[in-house]
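Peer 1:
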Amino acid sequence: KLEFDSEYPTETTCKVTIHCKKESCLNFKIRKPSWCKDMIVDGNSVQAEGYFKVSGRYQDGDEIVFVWPATLKGHRLNEKVAFTYGAITLACDTAKSERDIKAPVVVSDEPAYQVLTPQGDELIRIECDTCDGKVLLTDYQSCGKDWLSEKNIITVWLNTK
151 KLEFDSEYPT ETTCKVTIHC KKESCLNFKI RKPSWCKDMI VDGNSVQAEG
201 YFKVSGRYQD GDEIVFVWPA TLKGHRLNEK VAFTYGAITL ACDTAKSERD
251 IKAPVVVSDE PAYQVLTPQG DELIRIECDT CDGKVLLTDY QSCGKDWLSE
301 KNIITVWLNT K
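Numbering of the sequence shown is given in the working numbering, commencing with residue 151 and proceeding in unit increments.
1. Reducing DSSP to helix, strand and coil, say where residue 291 ends up.
2. With the cut-off set at 8 Å, would you say residue 263 and residue 277 are in Cβ contact?
3. Please determine, among 211, 222 and 168, the residue with the shortest C-alpha to C-alpha distance to residue 178.
4. Ignoring anything shorter than 3 residues, give me the beta strand (DSSP E) runs that lie fully in the segment 215 to 266, in order along the chain.
5. Please report how far the alpha carbon of residue 268 lies from the alpha carbon of residue 288, in whole angstroms.
6. Starting from residue 174 and walking both ways along the beta strand (DSSP E), at which residues does that stretch end?
7. Would you mind giving the Cβ-Cβ distance between residue 238 and residue 159, rounded to the nearest angstrom? I have them listed as a contact below 8 Å.
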């Protein structure tokens, strides 16, 4: 019997723990997401592309821990930039920030950033450094929740200079 436990998403990682509940001989593969630079299996960095094979004999109480460290990444298209944090698409929401989200930003594809404490129903809250200030980014699914507000404008794609 195997039990899967996940802390997805956390502030810095996507983590999955497999708990073995009785002696088992396992043979399976775990996919390394394309957004992940380094996958960590049981504390060891694994340089794998595509799938990583896990096999062996495991005892009752053994754990197999997979960690995919998340980072902020910019994606450019048509003079705009969008950001992801691991597998999560981020957005700007005028209800959460006073910044004009239509104003162009100058930012690198891998900018400096700070992970903040999520507010309300947010999964992730990140403050991203740009050449002209900071941009508040949160997970897309937590944005645009107040349909009747004047400040109900969100965007995934920011204009660039």
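Heads up, the beta-carbon is just placed ideally off N, CA and C, and yes, glycines get one too.
From a predicted model like this one, the values you see are computed outputs, not experimental measurements.
Peer 2: Taking the structure as given:
1. For the purposes of this step, residue 291 is taken as the residue at position 141 of the sequence shown. Taken through DSSP and simplified to helix, strand or coil, residue 291 comes out as helix.
2. As a first step, residue 263 must be located in the sequence shown, where it is residue number 113. As a first step, residue 277 must be located in the sequence shown, where it is residue number 127. Yes. Within cutoff.
3. Position 28 of the sequence shown, counted from the start, is the residue given in the question as residue 178. Among 211, 222 and 168, the Cα nearest to that of residue 178 belongs to 168.
4. With a minimum length of 3 residues, the continuous beta strand (DSSP E) runs that stay inside the segment 215 to 266 are 222 to 227, 230 to 235, 238 to 243 and 263 to 266.
5. For this step, residue 268 is matched to residue 118 along the sequence shown. For this step, residue 288 is matched to residue 138 along the sequence shown. When only Cα atoms are considered, residue 268 and residue 288 end up about 8 Å apart.
6. As a working mapping, residue 174 is identified with position 24 in the sequence shown. 174 to 181 is the extent of the beta strand (DSSP E) around residue 174.
7. Position 88 of the sequence shown, counted from the start, is the residue given in the question as residue 238. Position 9 of the sequence shown, counted from the start, is the residue given in the question as residue 159. So it is a contact: roughly 6 Å between Cβ atoms.
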